[in-house]
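Engineer: Convert by adding 1 to the 1-based position in the sequence shown; the result is the number in the working numbering.
Think of the CB as a built atom: it goes at the ideal place given N, C-alpha and C, for glycine as much as any other residue.
I'd like to ask you about the structure that follows.
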Amino acid sequence: MTAPRPLPRPAAGPAPRPGRRPVPRPDLGRTPRRPWRRSPRGAAPPVPLPPLLRLLIATQLAFNVGFFAVLPFLAGHLGGAVGMAGWLVGFVLGLRTFSQQGLFVVGGALADRHGIRPVVLAGCALRVAGFAWLGYADRTWTVVGAVLLIGFAAALFSPAVESEVAWQAVAFEKAGGRPRTRVLALFTVAGQAGAFVGPLLGALLLAVDFRAVCLAGAGVFVLVLAGHALLLPRRAPGRTRVPVRGGIGPLLRDRGFLALCGAYGACLLAYNQLYLALPAEVERAAGSQAPLAWLFALSSVLVVTAQLPVTRWAGERLDPRRSMAAGLGLTAAGFALVAAALPAGRTGTAGLLPAAGFVVLLTLGQMLVVPAVRARVPDLAAEGRLGLYTGALSSVSGLVVLLGSAAAGTLLDAGLPPAVPWLLLAAVPAAAVALLPSATADEGAGRAEGR
């Protein structure tokens, strides 16, 4: 008779101290670091994105196709067909930016109060009306009215969509799906793809006239409006609206969130130099601004092809704060690269290489910063106020860009040695690293829960 086999012993591990229970670590809102590996044979496939997330990501693609079919050709139309003076063209374009970015906080607050469906549908309807009006506008006051309507439409639907994507990405991550930063990176890729396709569509239609371009942009938003009226749920899955009063006061006292806005604003200010400092450098090196189109295309192709791999790489190795810091560091390095090359005074193809390096480093920095910032906002937002905080992020950072761009333009026109403005611009994202809120900052009990 054989002796019974002993039962397997559990794996050895540190025994808990008598009388003390293990204390769970608090959830600080960090994106889980989930190393990406190939799924072994027989393993369950990755969890697919929920239908609402797929719809919202497709929405961002469609929004940008319609918008960028018109925007790149607006200044030429105003200065040519409408006959506006240069300063008035700039003023009208500034009004569009103000009516959009400056009022994002309004759209976000409305989305918190009424849900995203009515806000998105209203914004799409206003965008259709604005584009159609712009196609027939031939006087200054009619152009201004159409442009304000177009900007306010985006101030309604964009923060509603962005905040809902962020909330659903957090919920999907907690349910065992992919990390929120990857979902938000996919949202960024969709937007960039739309910004790439839109101008191509607009350029084809411009052969007819500018009115055809505007009506095509309106047509895109008619399709978006119809699709969302059919597919967008009246109440987002897992989302319950919380009756909240006020919200602006606590937001203005939230130092961690305002610091994040400042750092994000510095990042956007740096990115805005694609339209301010880079053209001047390309003009110096090439004698014209013709190579700008290729450099912009380089930036778009980088985002479309590399955003998801870069986000996956960062998610395996970096928490959101380190990802933002690394992105700001790369951005500063791009400015420093041009500053270091300027004293040599090279022109031609060799002279354009530092500008190309700047575009690559700046774009890589954006790839690291933008998804990480959007992933951080749900952890900092007060309960029931994610839309307000998402809108405020754009509005506050837009104000930083507005003031900073004026200062950057003054620097570039001040007659300083060419390398000095680029060095000072490099200092902005480098200094912004100190503004980033730490992962252990007080985020309020339950802010990331139950929105």
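Taking its Cβ as the centre, do 16 or more other Cβ atoms sit within 10 Å of PRO234, making it buried, or is it exposed?
Structural biologist: With fewer than 16 other Cβ atoms within 10 Å, it is exposed.
Engineer: Rounded to a whole number of angstroms, what is the C-alpha to C-alpha distance between VAL129 and VAL83?
Structural biologist: Taking the straight line joining both Cα atoms gives about 21 Å.
Engineer: Label LEU60 either buried or exposed according to how many other C-beta atoms from any shown protein chain fall within 10 Å of its C-beta, with 16 as the threshold for buried.
Structural biologist: Per the sequence shown, residue 60 should be read as Thr rather than Leu. Answer is buried; the Cβ neighbour count reaches 16.
Engineer: Using the three-state DSSP reduction, which class does LEU296 fall into: helix, strand or coil?
Structural biologist: LEU296 falls in the helix class under three-state DSSP.
Engineer: Please list the terminal residues of the continuous alpha helix (DSSP H) segment that includes THR141.
Structural biologist: THR141 -> alpha helix (DSSP H) spans 141 to 175.
Engineer: So, helix, strand or coil for SER324, using DSSP?
Structural biologist: Note: SER324 maps to helix in three-state DSSP.
Engineer: Going by DSSP, what residue range makes up the alpha helix (DSSP H) through PRO430?
Structural biologist: Per DSSP, PRO430 belongs to the alpha helix (DSSP H) from 420 to 433.
Engineer: Give a yes or no on contact between the stretch 314 to 332 and the stretch 194 to 212, applying the rule of three or more CB pairs nearer than 8 Å.
Structural biologist: Segments in contact, no.
Engineer: Within 8 Å, do at least three Cβ pairs link the stretch 88 to 105 to the stretch 384 to 399?
Structural biologist: Result yes; three or more Cβ-Cβ pairs closer than 8 Å.
Engineer: Rounded to whole angstroms, what is the Cα-Cα separation between PRO153 and LEU127?
Structural biologist: Contrary to the premise, residue 153 reads as Phe rather than Pro in this sequence. Between PHE153 and LEU127, the C-alpha separation is close to 8 Å.
Engineer: To which residues of the same chain is VAL402 closer than 7 Å at the C-beta, ignoring the five residues directly before and after it?
Structural biologist: Correct list, in chain order: GLY266, LEU269, LEU270 and ASN273.
Engineer: Distance check for ASP380 and SER439, CA to CA, integer angstroms please.
Structural biologist: Cα-Cα distance, rounded: 12 Å.
Engineer: Over the uninterrupted alpha helix (DSSP H) stretch that includes GLN61, give me the two end residues.
Structural biologist: Run containing GLN61: 52 to 69, per the alpha helix (DSSP H) assignment.
Engineer: Verify whether the separation of the beta carbon atoms of ALA458 and ALA161 is less than 7 Å.
Structural biologist: One cannot answer for residue 458 here, as it falls past the ends of the chain, which runs 2 to 452.
Engineer: Can you tell me where the alpha helix (DSSP H) with PRO119 in it begins and where it stops?
Structural biologist: Where PRO119 is concerned, the enclosing alpha helix (DSSP H) stretches over 117 to 137.
Engineer: What three-state label does DSSP hand GLN193 in the structure shown?
Structural biologist: In the structure shown, GLN193 sits in a helix (DSSP, three-state: H, G or I).
Engineer: Do the stretch 356 to 374 and the stretch 330 to 343 meet, that is, are 3 or more Cβ pairs less than 8 Å apart?
Structural biologist: Result yes; three or more Cβ-Cβ pairs closer than 8 Å.
Engineer: Specify the secondary structure class of LEU303 as computed by DSSP and reduced to three states.
Structural biologist: Helix.
Engineer: Is the number of C-beta pairs between the stretch 183 to 202 and the stretch 137 to 153 that are closer than 8 Å three or more?
Structural biologist: No, the stretch 183 to 202 does not touch the stretch 137 to 153.
Engineer: Looking at the C-beta of LEU403, does it have a partner C-beta in chain C at a distance below 7 Å?
Structural biologist: Protein chain content of the structure displayed is limited to a single chain, and chain C is not contained in it.
Engineer: Nearest to LEU363 by alpha carbon, out of VAL374, ALA373 and ALA333?
Structural biologist: LEU363 has its Cα closest to that of ALA333, out of VAL374, ALA373 and ALA333.
Engineer: I think LEU157 touches SER100, with their Cβ atoms under 8 Å apart; what is that distance to the nearest whole Å?
Structural biologist: Contact doesn't hold; Cβ gap of about 11 Å is too wide.
Engineer: Express the C-alpha separation of GLN367 and ARG313 in angstroms, rounding to a whole number.
Structural biologist: Whole-angstrom Cα-Cα distance: 14 Å.
Engineer: When you compare only the Cα positions, how much space is there between ARG347 and VAL283?
Structural biologist: Each residue's Cα considered, the two are about 11 Å apart.
Engineer: Residue range of the alpha helix (DSSP H) that THR391 falls in?
Structural biologist: Its alpha helix (DSSP H) spans residues 387 to 413.
Engineer: Pick helix, strand or coil for ARG375, following the three-state DSSP scheme.
Structural biologist: Three-state DSSP puts ARG375 in a helix.
Engineer: By DSSP, does VAL48 sit in helix, in strand, or in coil?
Structural biologist: VAL48: coil per DSSP, three-state reduction.
Engineer: With DSSP as the reference, label GLU284 as helix, strand or coil.
Structural biologist: GLU284: helix per DSSP, three-state reduction.
Engineer: Mind checking whether VAL371 and GLY195 have CB atoms under 7 Å apart?
Structural biologist: No, these two residues do not count as a Cβ contact at 7 Å.
Engineer: Suppose the cutoff is 8 Å on Cβ atoms and the five residues either side in sequence are ignored; what does the same chain contact list for ALA432 look like?
Structural biologist: Answer for ALA432: ALA267, listed in chain order.
Engineer: Check for me: the alpha helix (DSSP H) holding GLY218 runs from which residue to which?
Structural biologist: Note, GLY218: alpha helix (DSSP H), 211 to 232.
Engineer: I'd like the span of the alpha helix (DSSP H) that includes LEU277, first residue to last.
Structural biologist: Where LEU277 is concerned, there is no enclosing alpha helix (DSSP H), given that its DSSP letter is neither H nor E.
Engineer: Just to confirm my understanding: we take VAL121, look at its own chain, exclude 5 residues before and 5 after, and list those with CB closer than 7 Å. What are they?
Structural biologist: Excluding positions up to five away in sequence, the list reads PHE158, ALA161, VAL162, HIS229 and LEU233.
Engineer: Determine the DSSP secondary structure at ALA333, reduced to helix, strand or coil.
Structural biologist: ALA333 falls in the helix class under three-state DSSP.
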